[in-house]
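Engineer: Chains as they are written, first to last, in my numbering: chain B, 450 to 816; chain D, 187 to 374.
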Amino acid sequence: MTRDKRRSWEDRSRASSARNIFVRLGRLLPFALLLSPSLGCRGAQSALDPAGPQAGRIGGLWWLMFYTLSAVFVIVMALLLVAALRRRKPISSEAALAPDTKPDPAGDRRSALAVGGGIIVTVIILFVLLVSSFLTGQSLYSSAPAAPDEGLTVEVTGHQWWWEVKYRNETPSRIVTTANEIHLPAGAPVLFRLGSTDVIHSFWVPNLHGKTDLIPGHLTHTRIRADRQGVYRGQCAEFCGHQHAHMAFTVVVESPEQFRAWYEAQVRPAAQPSTPGQARGQQVFLSSPCVMCHRIRGTDAGGRLGPDLTHVASRLTIAAGTLENTRGHLAGWVVDSQKIKPGNRMPPNNLEPQDLHALLDYLQSLK
Amino acid sequence: MRRAPLVATVLTCLAAGACLISCEREERGFRVEPPSSSRINSKTLSDLRPGQGAPAGEVKNEYEGNAYALSEGKRLFSAYNCNGCHAQGGGGMGPPLMDDEWIYGGRPEQVFSTIVEGRPNGMPSFRGKVPDFQVWQLSAYIRSMSGQVSKDVAPARPDHLQGKPPENSMEASPLKDSTLQKSAEMPR
Chain B
450 MTRDKRRSWE
460 DRSRASSARN
470 IFVRLGRLLP
480 FALLLSPSLG
490 CRGAQSALDP
500 AGPQAGRIGG
510 LWWLMFYTLS
520 AVFVIVMALL
530 LVAALRRRKP
540 ISSEAALAPD
550 TKPDPAGDRR
560 SALAVGGGII
570 VTVIILFVLL
580 VSSFLTGQSL
590 YSSAPAAPDE
600 GLTVEVTGHQ
610 WWWEVKYRNE
620 TPSRIVTTAN
630 EIHLPAGAPV
640 LFRLGSTDVI
650 HSFWVPNLHG
660 KTDLIPGHLT
670 HTRIRADRQG
680 VYRGQCAEFC
690 GHQHAHMAFT
700 VVVESPEQFR
710 AWYEAQVRPA
720 AQPSTPGQAR
730 GQQVFLSSPC
740 VMCHRIRGTD
750 AGGRLGPDLT
760 HVASRLTIAA
770 GTLENTRGHL
780 AGWVVDSQKI
790 KPGNRMPPNN
800 LEPQDLHALL
810 DYLQSLK
Chain D
187 MRRAPLVATV
197 LTCLAAGACL
207 ISCEREERGF
217 RVEPPSSSRI
227 NSKTLSDLRP
237 GQGAPAGEVK
247 NEYEGNAYAL
257 SEGKRLFSAY
267 NCNGCHAQGG
277 GGMGPPLMDD
287 EWIYGGRPEQ
297 VFSTIVEGRP
307 NGMPSFRGKV
317 PDFQVWQLSA
327 YIRSMSGQVS
337 KDVAPARPDH
347 LQGKPPENSM
357 EASPLKDSTL
367 QKSAEMPR
């Protein structure tokens, strides 16, 4: 303000328009604050809400880029506004027509300074971003390969349009196969071996890591550590056909004790039917087209084309994260899945009502 | 002579419009009514029947004109392990399917009933296990193996990759002696 008073009258009017800009920008400040990490961006599928060190590094890089580029954007816009709103001397038409041949060494130096400064600042910013991006990538992927028996190894296989999840174990009978749901112990590094049976998919849990492609005929690897317990959502991130959007999965990060209990439950073969309804449901399952594609360990059903249903009732969702796992959704899915997820591989099943209810009784008993 | 540009414009528009005709995509029936299986003339075990036999009529399998249905048939052929016995049509434990010999008939409805009923000496019955529309897709594909369907709908390339990881991605593991007894005889 004191500076303004020292200026001439014309200068003051120019300054007041510039001050208006700052007042207007000040009004935008609350909106800018909304974008800060403390307020938005939380969620079960958000790269800005990291739950592990890998996602944390990616998130850090993201925020560095966000703040740097926001500052660049704001400065450029402010300069543009100042330039656009600044009052200039009126130019007479003769003066405008006459070529400007007067030498102006001071003006030349100013513009050289501005252009040179702009180039230097741009190069510095790009270099800083490049180096930090490179360092982030290096810290994510260059870790030395762990010994094969160290830690947990999870094989994820992409299918159109669901995820097969297999926990490797040295004892074949302790290998756990499930679908569309991954349980992880908090704080332990897990090696993911990713493959595909049909087309390229991409494995992406934004809260835990970046994307890794699943390529048919080629294994890819990624290493994830989840520190914060919670339920996160993963999603196929590479267009893979008709139901790509409905190809999601759930990641449950729990304490090591909870994980061990879950694993022991999954290792067990399917529960035997305990009521007459469940027994009939098992018969319906084994005598219908279900057995062509699905597996229930402990029964004759050994299909490998669709998800393993040994413990289907223990999962949170069905149809690759499309529906909550409730009796009604399960019924709709069994009878006419093509209405829910057109083009998926499961054919419609015309079951008698009592058979359907028996089948649902049985499927819901597979905890 | 002044009309020439106008004529050229109209002709260009017509040509562009004609291109749009090719934009129509083939129907993919996800919720389909399969052809009725009531008119299937399968080989019966007895020649005795009340009244006359049904008139010999062709049962038309609509899927034989649909490329998507044929590619589904090709996918199911290996998914349901048909290739376990018939290989890729050349035969193995089961008879070849790509030649011109048909033991139980090569018309669409005959192939259908062979899959649904099963046949002696090894062909299982898939009744109630494979939905009717998939059997029709399979029979369309099986007929395409010997060129029975039109060329523009038959699959042009193998669409399916091996489910297991390729050999060059496998990790080396120590060799172990097999406890199984070796047999010099082919299974019968």
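Where is the CB? At the ideal position from N, CA and C, for every residue including glycine.
Hey, does Val-740(B) have any beta-carbon neighbour from chain D nearer than 8 angstroms?
Structural biologist: Yes, because at least one Cβ of chain D sits closer than 8 angstroms to the Cβ of Val-740(B).
Engineer: So which residues on chain B does Ala-265(D) lean against when the C-beta distance must stay under 7 angstroms?
Structural biologist: Going along chain B in sequence order, the residues near Ala-265(D) (Cβ under 7 angstroms) are Leu-754.
Engineer: Since Glu-295(D) is in the alpha helix (DSSP H), which residue starts that stretch and which ends it?
Structural biologist: Start and end: 294-303.
Engineer: Hey, out of Ala-527(B), His-691(B), Gly-607(B), whose CA is closest to His-646(B)'s CA?
Structural biologist: According to the sequence shown, residue 646(B) is Thr rather than His. When each option's Cα is compared against that of Thr-646(B), the closest is Gly-607(B).
Engineer: List the residues of chain D that Ser-737(B) touches, going by C-beta distances under 8 angstroms, in chain order.
Structural biologist: Result: Gly-314, Lys-315.
Engineer: For a cutoff of 8 angstroms on Cβ pairs, would you count Gln-320(D) as touching chain B?
Structural biologist: It does: the Cβ of Gln-320(D) has a partner Cβ on chain B nearer than 8 angstroms.
Engineer: In the structure shown, what three-state DSSP assignment does Ser-364(D) receive?
Structural biologist: In this predicted model, Ser-364(D) has a pLDDT of only 40, less than 50, meaning its place in the structure is not dependable; the value taken from the coordinates is given anyway. Note: Ser-364(D) maps to coil in three-state DSSP.
Engineer: Closest Cβ-Cβ distance between Pro-791(B) and chain D: below 8 angstroms?
Structural biologist: Cβ-Cβ to chain D under 8 angstroms: yes for Pro-791(B).
Engineer: For His-729(B), I'd like the list of residues in its chain whose CB is within less than 6 angstroms of its CB, leaving aside the five on either flank, ordered along the chain.
Structural biologist: Correcting the residue identity first, residue 729(B) is Arg in this sequence and not His. Result list for Arg-729(B): Ala-807, in chain order.
Engineer: Secondary structure at Glu-287(D), three-state DSSP: helix, strand or coil?
Structural biologist: Here Glu-287(D) sits in coil by DSSP.
Engineer: Rounded C-beta distance between Trp-610(B) and Gly-690(B)? I'm assuming under 8 angstroms.
Structural biologist: Confirmed, about 7 angstroms.
Engineer: Apart from the five residues on each side of it in sequence, which residues of its chain come closer than 8 angstroms, Cβ to Cβ, to Ala-637(B)?
Structural biologist: Gly-600, Leu-601, Arg-674, Pro-705.
Engineer: If you draw a straight line from the C-alpha of Met-741(B) to the C-alpha of Tyr-266(D), how long is it?
Structural biologist: Approximately 7 angstroms, taken between the alpha carbons.
Engineer: Helix, strand or coil for Ala-760(B), going by three-state DSSP, please let me know.
Structural biologist: The amino acid at residue 760(B) is misidentified as Ala; the sequence shows His. His-760(B) falls in the coil class under three-state DSSP.
Engineer: In three-state terms, what does DSSP make of Ala-370(D)?
Structural biologist: In this prediction, Ala-370(D) scores a pLDDT of 38, lower than 50, which makes its location untrustworthy; the coordinate-derived value is nonetheless stated afterwards. DSSP places Ala-370(D) in coil when its eight states are reduced to three.
Engineer: By the three-class DSSP mapping on this structure, what secondary structure does Val-700(B) have?
Structural biologist: Val-700(B) falls in the strand class under three-state DSSP.
Engineer: Please compile the residues from chain D whose C-beta is within a distance smaller than 9 angstroms of the C-beta of Gln-609(B).
Structural biologist: Those do not exist, as Gln-609(B) stays about 10 angstroms from chain D at its closest Cβ, beyond 9 angstroms.
Engineer: For Pro-306(D), tell me which candidate among Gly-280(D), Phe-263(D), Val-321(D) has the shortest Cα-Cα distance.
Structural biologist: Checking every option, the nearest Cα to that of Pro-306(D) belongs to Gly-280(D).
Engineer: Counting beta carbon pairs with one atom in the region 710-719 of chain B and one in the region 775-790 of chain B, are three or more of them shorter than 8 angstroms?
Structural biologist: Verdict: no, contact absent.
Engineer: Whole angstroms is fine: what's the gap from Ile-301(D)'s alpha carbon to Phe-319(D)'s?
Structural biologist: Distance between the alpha carbons of Ile-301(D) and Phe-319(D) is about 12 angstroms.
Engineer: Taking the CB atoms as reference points, tell me whether Val-605(B) and Phe-652(B) lie closer together than 8 angstroms.
Structural biologist: A contact, by the Cβ cut-off of 8 angstroms.
Engineer: With the cut-off set at 8 angstroms, would you say Thr-585(B) and Leu-510(B) are in Cβ contact?
Structural biologist: A contact, by the Cβ cut-off of 8 angstroms.
Engineer: Tell me, to the nearest whole angstrom, how far the beta carbon of Arg-744(B) is from that of Leu-758(B); I am working on the premise that it is less than 8 angstroms.
Structural biologist: Confirmed, about 7 angstroms.
Engineer: Thinking C-alpha only, which one of Val-702(B), Asp-749(B), Gln-727(B) is nearest Pro-718(B)?
Structural biologist: Of the candidates Val-702(B), Asp-749(B), Gln-727(B), the one whose C-alpha sits nearest the C-alpha of Pro-718(B) is Asp-749(B).
Engineer: Using 8 angstroms as the limit for Cβ to Cβ distance, is Pro-796(B) near chain D?
Structural biologist: It does; some Cβ of chain D falls within 8 angstroms.
Engineer: Using the beta-carbon count (16 or more within 10 Å), is Leu-200(D) buried or exposed?
Structural biologist: Result: exposed.
Engineer: Taking a Cβ distance cut-off of 7 angstroms, strictly less, list which residues of the region 279-300 of chain D are near chain B, in chain order.
Structural biologist: For the region 279-300 of chain D, which is checked against every Cβ of chain B, not one residue is closer than 7 angstroms.
Engineer: Counting only beta-carbon atoms, is Pro-352(D) nearer than 8 angstroms to chain B?
Structural biologist: The predicted position of Pro-352(D) is uncertain, since its pLDDT is 42 and thus under 50; a value taken from the coordinates is nonetheless stated next. Judged by the 8 angstroms Cβ criterion, Pro-352(D) is in contact with chain B.
Engineer: In angstroms, rounded to a whole number, what distance separates the CA positions of Tyr-249(D) and Phe-216(D)?
Structural biologist: The straight-line gap from Cα to Cα measures roughly 13 angstroms.
Engineer: For chain D, find out if any of its Cβ atoms is closer than 8 angstroms to the Cβ of Gln-856(B); answer yes or no.
Structural biologist: Beyond the ends of chain B as shown, which are 450 and 816, falls residue 856(B); an answer cannot be given.
Engineer: Where does His-778(B) sit, in a helix, a strand or coil, going by DSSP?
Structural biologist: Three-state DSSP puts His-778(B) in a helix.
Engineer: Quick one: measure Cβ to Cβ for Phe-698(B) and Gly-683(B), integer angstroms, because I've assumed they're closer than 8 angstroms.
Structural biologist: Sure, about 5 angstroms apart at Cβ, within 8 angstroms.
Engineer: Ordered along the chain, which non-local residues of its own chain (more than five positions away) have a Cβ less than 7 angstroms from that of Ala-340(D)?
Structural biologist: Taken in chain order, the residues that qualify are Leu-256, Ser-330.
Engineer: Excluding five sequence neighbours on each side, which residues of the same chain lie with their C-beta closer than 7 angstroms to the C-beta of Glu-212(D)?
Structural biologist: The residues are Asn-252, Ala-253, Tyr-254.
Engineer: For Arg-374(D), I'd like the list of residues in its chain whose CB is within less than 7 angstroms of its CB, leaving aside the five on either flank, ordered along the chain.
Structural biologist: Only weak support is given to the placement of Arg-374(D): the predicted model assigns it a pLDDT of 41, under 50, and the question is left unresolved by the model.
Engineer: What first and last residue would you give for the beta strand (DSSP E) that runs through Ala-628(B)?
Structural biologist: Segment 625-628, the beta strand (DSSP E) holding Ala-628(B).
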